[in-house]
Amino acid sequence: MITSWLLITHCVAIFPISTYLWSWKRRRDPASIFMLLKFIYCVTFSLLYHTYDVEGIVVISDHYNNWSLLDGYSSTALIFTTTLYGLRVRPPQIYITSYAVETALLILYLFQNLWQIVTWVLILSCTIVSIFKWKTIFRYIKKYYFLSFFTLCSGITATIMYVIAVQDDNTTIIYVKHHSLWHCFIFITAGLSSILRYKLDEELYPITRREQLDSI
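The sequence shown begins at -18 in this note's numbering and counts up by one.
Have a look at this one:
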């Protein structure tokens, strides 16, 4: 039963997906649809990959390496793109930067035993973006300090859960527990960061919306 949490915790992805839909509805932000599609693909790949960890689910073992590659690559790439989105990198820069870094990550993933290099490339890329977007981070902290604090805490917790999980074999209860929690906190972090982006965009670039007419 405990292994089922690897699949069940994907439901938390509804939170960030909902925020992207809301942002698109209210602001017609194309980057929100971009993130929505990437999230749907990532969650789908992750679900198919983790079916191999749950007993009683019929899977095609010949495809394990494919789903493992897609899950690892898409989740790593999504973390970087979520960083771009949360720090308000605008189109077309968000698409160009995302494509450049994600292609490099894919090349690394195609070679075996390079996951440590992948991790450092991801950390370095996110750090560089954060340095360039320091004004956005400062505005978040200044205007929405509680939400910024919870976003930061969620991101740190997700990182801790990931580090603990990768230390164990993927058949242990410790791995299942902490990897499941990683799912939860990484999705929560994405959702909170998208709310920060939406709130700051609404304040800096408000959109005039037609008031709904009262029916007779």
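Ideal Cβ positions, reconstructed from N, Cα and C, are used throughout, including at glycine.
At a Cβ-Cβ threshold of 7 Å, V157 and L(-13) count as neighbours. Straight-line spacing of the CA atoms in I137 and P187 works out to 31 Å.
Below 8 Å, enough C-beta pairs join the region 60 to 75 and the region -2 to 16 to call them touching: three or more.
Listed in chain order, the alpha helix (DSSP H) elements of length 4 or more contained wholly in the region 125 to 179 are 126 to 147. Taken atom to atom, the span from the alpha-carbon of T32 to that of I38 is near 6 Å.
Rounded to whole angstroms, Q93 and L50 show a C-alpha spacing of 10 Å.
H164 and S135 have their C-alpha atoms spaced approximately 11 Å apart.
When rounded, the separation of the alpha-carbon atoms in L89 and T189 is 45 Å. Assignment of D43 by DSSP, reduced to helix, strand and coil, places it in the helix class. In this structure, the straight-line span from the alpha carbon of I122 to that of E36 is close to 45 Å.
Under the three-state reduction of DSSP, R9 is assigned to coil, being neither helix nor strand. Excluding five sequence positions before and after S55, the CB atoms of its chain that fall closer than 8 Å to its own CB belong to K19, Y22, C23, F26, S27, given in chain order. Collapsing the DSSP output to three states places Y90 in a helix.
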